[in-house]
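Engineer: Numbering (the numbering used here), first residue to last: 1455 to 1883. Following this message is one structure expressed as structure tokens.
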Ligand code: UGA
């Protein structure tokens, strides 16, 4: 099928490359000319495992192309996906101006029947607005259908998540587009759930908020474990073996970050409020998330006694492993708070240093994780990159001023770390 994807951010670019990979003809549109130029030349603007190969393979076999022109993208396709950003506004609601603008632009160039699919995360009832807008701005009388098709991929495993989803949700207001939508996903081995548009839109916010709730739940349990002398990893394992609970998203941390969960919880609270429901449960999820970082900083403070002028090494800057994304990263927030308290930071991240440089100025960027601890009063692990487990602990212990490690991701075993001579503080253990 001929598909157009408007927006080449994480969702749009991964979706475009994966749709091409399974045999569709895909044209990706972005209004950022520099990005389009980069993509056309075989480069990609983000680090995402497997994505570069996919983009290269499918551009060279002719199934994936890029343009900055919406009219060109729409003309060359049967189904048009909208995958533009929906950032938060200061009051917590969602900025839908990019969606609205794209809807107007699509309307301006519709000359034959198309299916317009919203893939961006949007508040319930956005589909209705998109349909209304297209109708209003359409110059000719032409038929179209609006579909909601929320995306559930995670950064760091986006390609594999997209190609092997748990489910595909298709929200429609008439049965007409269902057959084609199912054809698009025919090669994906996943259950397809057809709902109305409002339900599909709600599934996305309800799912992301539930995942955030799970993380806040285990982070709250981690606080209780610390007070009670229990081990949160053992508690999480024992809980996760219950099929009704499941083991995923029970990893205690510095709190959830990134460009989705914090924004979507905030948006869902606002959406519920606008619909007359006070979602206090989600407000508590936010409070626990903020408190988790506070507790970690308190732990550092109490152990070091004074943070001012201490040299602290930080491993990890991205909001999770396997990405170069530092947006709303708990690791960055941690660095900012340590800097504010007067610490001097030596930092390292396998992929996130370039992007971090735009945010974190007064820190020393180190090019090798094993050099980070040298001369430090303490070391903090802020992101769960697998390679951090291979840290040369012997070298760290010998070259640090004090062998103190604060592990915000529970990468090491507390007993083993003590045996190796470290003062080791982790989460919920
Ligand atoms: C999230 C959802 O998981 C995706 O399903 C969704 O499609 C995506 O948002 C989106 O709306 O676009 P993402 O933000 O990429 O995906 O990353 P997650 O894997 O959800 O992690 C979010 C944050 O929670 C990270 O800071 C991570 O470290 C943290 N986390 C995750 C934990 O602290 N503990 C866990 O057990 C899992």
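C-beta: ideal position from N, C-alpha, C; glycine also. The structure presented is a predicted model; accordingly, all values stated were derived computationally and were not measured.
Kindly list the residues whose CB is nearer than 6 Å to the CB of residue 1605, restricted to its own chain and excluding five residues on each side of it in sequence; keep chain order.
Structural biologist: 1465, 1573
Engineer: The beta strand (DSSP E) spanning residue 1692 covers which residue range?
Structural biologist: Element bounds for residue 1692: not the beta strand (DSSP E) but the alpha helix (DSSP H), 1686–1694.
Engineer: Should the segment 1837–1850 be called in touch with the segment 1755–1771, which here means at least 3 C-beta pairs below 8 Å?
Structural biologist: yes
Engineer: Does residue 1687 pass the burial test, meaning 16 or more other C-beta atoms within 10 Å, or should it be called exposed?
Structural biologist: buried
Engineer: Using a threshold of 8 Å, state whether the C-beta atoms of residue 1502 and residue 1609 are closer than that.
Structural biologist: yes
Engineer: Determine the DSSP secondary structure at residue 1767, reduced to helix, strand or coil.
Structural biologist: strand
Engineer: Please classify residue 1767 as buried or exposed, where buried requires at least 16 neighbouring CB atoms within 10 angstroms.
Structural biologist: buried
Engineer: To the nearest angstrom, how far is it from the Cα of residue 1709 to the Cα of residue 1643?
Structural biologist: 33 Å
Engineer: Considering Cα atoms alone, identify which of 1798, 1853, 1882 is closest to residue 1865.
Structural biologist: Taking only the C-alpha atoms, the option nearest residue 1865 is 1882.
Engineer: Taking residue 1802 as the reference, which of 1820, 1853, 1523, 1788 has the closest Cα?
Structural biologist: Cα-wise, what sits closest to residue 1802 is 1820.
Engineer: Within 8 Å, do at least three Cβ pairs link the segment 1825–1833 to the segment 1855–1863?
Structural biologist: yes
Engineer: For the alpha helix (DSSP H) containing residue 1587, list its first residue and its last residue.
Structural biologist: 1580–1591
Engineer: Determine the closest residue to residue 1541 out of 1518, 1575, 1523, with distance taken between C-alpha atoms.
Structural biologist: 1575
Engineer: Report the partner residues of residue 1819 according to the DSSP bridge assignment.
Structural biologist: DSSP lists 1801 as partners of residue 1819.
Engineer: With a threshold of 7 Å (Cβ to nearest heavy atom), would residue 1774 be considered close to ligand 1?
Structural biologist: yes
Engineer: On a CA-only basis, which of 1483, 1871, 1525 is nearest residue 1843? Give me that one, please.
Structural biologist: 1871
Engineer: Would residue 1519 and residue 1553 qualify as a contact pair, given that the criterion is a beta-carbon distance under 8 Å?
Structural biologist: no
Engineer: State the DSSP-derived secondary structure class of residue 1741, mapped to helix, strand or coil.
Structural biologist: helix
Engineer: In the DSSP assignment, what residue or residues form a beta bridge with residue 1832?
Structural biologist: 1766, per the DSSP bridge assignment.
Engineer: Look at the alpha carbon of residue 1702 and the alpha carbon of residue 1479, and state the distance between them as a whole number of angstroms.
Structural biologist: 35 Å
Engineer: Give every residue of the same chain whose Cβ lies closer than 8 Å to the Cβ of residue 1532, excluding the five residues on either side of it in the sequence, and list them in chain order.
Structural biologist: Only 1455, 1456, 1457, 1568, 1569, 1634 meet the Cβ criterion.
Engineer: Do residue 1724 and residue 1546 have their C-beta atoms closer together than 8 Å?
Structural biologist: yes
Engineer: Buried or exposed: where does residue 1629 fall if 16 or more other Cβ atoms within 10 Å of its Cβ makes it buried?
Structural biologist: exposed
Engineer: If I'm right that residue 1798 touches residue 1765 with Cβ under 8 Å, what's the distance once you round it to whole angstroms?
Structural biologist: 5 Å
Engineer: Verify whether the separation of the beta carbon atoms of residue 1522 and residue 1483 is less than 8 Å.
Structural biologist: yes
Engineer: Closer than 7 Å: is that where the CB of residue 1769 sits relative to any heavy atom of ligand 1?
Structural biologist: no
Engineer: Taking the straight line between their C-alpha atoms, what separation do you get for residue 1488 and residue 1511?
Structural biologist: 21 Å
Engineer: Could you say which of 1863, 1822, 1683, 1555 lies nearest to residue 1747 if we only look at CA atoms?
Structural biologist: 1863
Engineer: Quick check on residue 1513 - is its C-beta less than 8 Å from some C-beta in chain C?
Structural biologist: The structure shown contains no chain C, having only a single protein chain.
Engineer: Just grab the DSSP bridge partners of residue 1701 for me.
Structural biologist: The partner list for residue 1701 (beta bridge, DSSP) is empty, contrary to what the question assumes.
Engineer: Compute the minimum distance between the beta carbon of residue 1718 and the heavy atoms of ligand 1, and state whether it is under 7 Å.
Structural biologist: yes
Engineer: For residue 1800, does the count of other Cβ atoms within 10 angstroms reach 16, so buried, or fall short, so exposed?
Structural biologist: buried
Engineer: Report the rounded CA-to-CA distance for residue 1726 versus residue 1718, giving the unit in angstroms.
Structural biologist: Using only the alpha carbons, I get a separation of about 12 Å.
Engineer: Starting from residue 1468, trace the alpha helix (DSSP H) both ways and give me its first and last residue.
Structural biologist: 1464–1475
Engineer: Is residue 1749 near ligand 1, going by C-beta to nearest heavy atom under 7 Å?
Structural biologist: no
Engineer: Quick check on DSSP: helix, strand or coil for residue 1629?
Structural biologist: coil
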